[in-house]
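> Could you have a look at this structure, given as structure tokens, before my questions?
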Amino acid sequence: MKNDRKNITVIVVDDHQLVLDGINLMLSQSEEIKCIKTFSDGYEALAFLKDNQVDVVIMDIEMPKIDGIKLCTLIKEDHPKQKVIALSMLIQHSIINRMIKAGVNGFLIKNASADELKFAIKEIHKGNQYYSSEIQERIDKNTLELHKEGIRIPSLSRREKEIVKLIMEEKNTNEIADLLFISSGTVETHRRNIMNKLGCKNTAGMVKFVLEHKLL
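Per the working numbering, residue 82 is the first one in the sequence shown, and the count goes up by one each step.
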């Protein structure tokens with residue numbers, strides 16, 4: 082019987098060819114996931130995403146030219162709904178926090194099994210988050226420490242700041258889209274993401290929060 086179910090499409094970004102080949106081989110054994118391209122250069126991956134849609138981007142963090150934190154940030158600015166998984170041996174609190182702030186949807190250690198990688202891809206494709214157990218433990222510990230120190234004020238990306246400034250200038254969604262050369266849908270996605278990040282229920286609350294905490 083023919084299976085008409087659409088594959089989950091994936092691209093992989095890592096500066097080590099051995100890693101690219103290994104992940105490609107692991108995913109080739111899945112009937113549900115298809116690795117359509119691999120990149121050793123993050124900028125090439127960015128260029129590819131401008132003209133091609135993929136379900137999940139898997140990326141290393143420590144790379145030359147552009148690291149995974151910056152790459153994830155740029156991807157999320159241009160494609161807010163893009164699912165991204167970090168795959169790295171760098172699991173320091175600061176790295177994890179910066180990747181989460183950049184918008185990563187999942188974080189796995191590079192020694193993750195093929196089964197865990199495939200499970201993570203499926204979970205993230207469904208709209209969930211997934212972290213390796215070691216990563217989750219560090220997130221939980223860090224969260225407790227942050228609660229002890231007090232509430233941490235989130236920061237906004239360059240694109241988010243641009244959108245907030247235009248909202249404060251009373252520009253509507255279509256005007257913002259035209260000024261930033263993005264779609265109206267992308268503007269609305271950014272607006273929702275900003276409000277979720279700041280914990281605001283409406284645009285007025287968002288503007289008030291930004292002004293009070295000097296986020297621009």
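The beta-carbon is built from N, C-alpha and C at its ideal position, and this holds for glycine as well.
If you count every other CB in all the chains shown that lies within 10 Å of the CB of Leu297, and 16 or more means buried, which is it?
Leu297 should be labelled exposed.
> Taking the runs of the alpha helix (DSSP H) that are 4 residues or longer, which of them lie wholly in the segment 143 to 205?
As far as the segment 143 to 205 is concerned, its whole alpha helix (DSSP H) runs of at least 4 residues are 149 to 159, 174 to 183.
> Between the beta-carbon of Asn105 and the beta-carbon of Cys116, is there less than 8 Å?
Taking 8 Å as the Cβ cut-off, Asn105 and Cys116 qualify as a contacting pair.
> Find out if the Cβ-Cβ distance for the pair Val135, Val91 is shorter than 8 Å.
In this structure, Val91 lies closer than 8 Å to Val135 by Cβ.
> Just checking my contact of Ser169 with Asp141 at CB under 8 Å: how many whole Å lie between their CB atoms?
The pair is a contact, with the Cβ atoms about 6 Å apart (cut-off 8 Å).
> So what's Lys282 in DSSP terms, helix, strand or just coil?
DSSP places Lys282 in coil when its eight states are reduced to three.
> With a Cβ-Cβ cutoff of 8 Å, do Ile220 and Ile257 count as a contact?
Taking 8 Å as the Cβ cut-off, Ile220 and Ile257 do not qualify as a contacting pair.
> For the alpha helix (DSSP H) that Lys87 lies in, which residues bound it at each end?
Lys87 -> no alpha helix (DSSP H), and no H or E assigned at all.
> Looking at Leu171 and Asn143, is the spacing between their C-beta atoms short of 8 Å?
In the sequence as displayed, the identity of residue 143 is Glu instead of Asn. Yes; because the gap between Cβ atoms is below 8 Å, this pair is in contact.
> Please report the straight-line C-alpha distance between Lys157 and His271, rounded to a whole angstrom.
Going from the Cα of Lys157 to the Cα of His271 covers about 9 Å.
> Quick one: what's Phe129 bridged to in DSSP?
Answer is none; Phe129 lacks a bridge partner.
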